[in-house]
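The structure appears below as structure tokens.
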Amino acid sequence: ALPVVRPAPAVAQTNLPKPVLSAAFEARSDVKQCRADTVQSPTFQTAVTVDRLSADQELWGVPCSSGAYNYSMRYFVTGPNGADPQALSFPTSRTPDDEVVDSEYDPGSRTLRGFNKGRGIGDCGIDSLWVWTGRAFVLAAESEMRECWGVPSDQWPTTWRSR
Numbered sequence: 637a638l639p640v641v642r643p644a645p646a647v648a649q650t651n652l653p654k655p656v657l658s659a660a661f662e663a664r665s666d667v668k669q670c671r672a673d674t675v676q677s678p679t680f681q682t683a684v685t686v687d688r689l690s691a692d693q694e695l696w697g698v699p700c701s702s703g704a705y706n707y708s709m710r711y712f713v714t715g716p717n718g719a720d721p722q723a724l725s726f727p728t729s730r731t732p733d734d735e736v737v738d739s740e741y742d743p744g745s746r747t748l749r750g751f752n753k754g755r756g757i758g759d760c761g762i763d764s765l766w767v768w769t770g771r772a773f774v775l776a777a778e779s780e781m782r783e784c785w786g787v788p789s790d791q792w793p794t795t796w797r798s799r
């Protein structure tokens, strides 16, 4: 049977803190590495994201790398205003990932999508979808195309699915 993945109820995204990392956040070794890897792109380096997961939890995204057609973010669950950041690791059909490539969080559906393109036109790579359950991000769907044959991502072989 397929695993059942239920999203946590959506929460209001009002009164969020400014997406600026605190000194304690910046002092983390993983954040320092992200900062070092993005120093060539000051605009991208400041593209920190923050979303509310619950009344007392936030999701912070820190830019970690950028290339010709992919960028990656490192995500953290924190307390209010980015307090006590805990690094997230995202399950996949292979091994967990600490960074998510070309990611976008949708607070309405409680989903985080990652699309790791194998080349610029996006006809190969890995397309992943995680759902926030209220306790963790759980892999809900994944498809992968290892060969770049001009196939659109919605037609790639499924490597993981849920109900």
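Counting in the working numbering, the sequence shown runs from 637 upward without gaps. By construction, the Cβ of each residue, glycine as well, lies at the ideal position given by its N, Cα and C atoms. Quick caveat: nothing in here was measured; it's all calculated off a predicted structure.
Where do the N-terminal and C-terminal ends of the alpha helix (DSSP H) with residue i fall, by residue?
i    : result
P678 : P678 to Q681
D666 : S665 to D673
E662 : A659 to E662
Counting only the same chain and skipping the five closest in sequence on each side, list residues whose C-beta sits under 7 Å from that of residue i.
i    : result
L724 : Y711, F712, V713 and F773
T795 : S729, E778, S779 and E780
P655 : V684, T685 and V686
F661 : V667, G718 and P721
V736 : S708, M709, Y711, F726, L748 and G750
S658 : G718
L638 : R797, S798 and R799
Can you list, in chain order, the residues of its chain with a C-beta nearer than 6 Å to that of residue i? Leave out the 5 residues immediately preceding and following it.
i    : result
S677 : S702
F680 : T674, P699 and S702
D775 : In the sequence under discussion, the amino acid at residue 775 is Leu, which differs from the Asp named in the question. Excluding sequence neighbours, L775 sits near P727, W766 and W796.
To which residues of the same chain is residue i closer than 8 Å at the C-beta, ignoring the five residues directly before and after it?
i    : result
V609 : Because the chain spans 637 through 799 in this model, residue 609 falls outside it and cannot be assessed.
L652 : V686, D687, R688 and E694
D742 : L748 and R749
D692 : G715 and P716
P793 : S779, E780 and M781
Does DSSP classify residue i as helix, strand or coil?
i    : result
K753 : strand
D733 : strand
D742 : strand
G758 : coil
G697 : strand
At which residues does the beta strand (DSSP E) containing residue i begin and terminate?
i    : result
R710 : Y707 to T714
T728 : Neither: T728 is in no beta strand (DSSP E) and is coded neither H nor E.
Q791 : Taken as a continuous stretch (DSSP letters only), Q791 belongs to no beta strand (DSSP E), as it is neither H nor E.
V686 : T685 to S690
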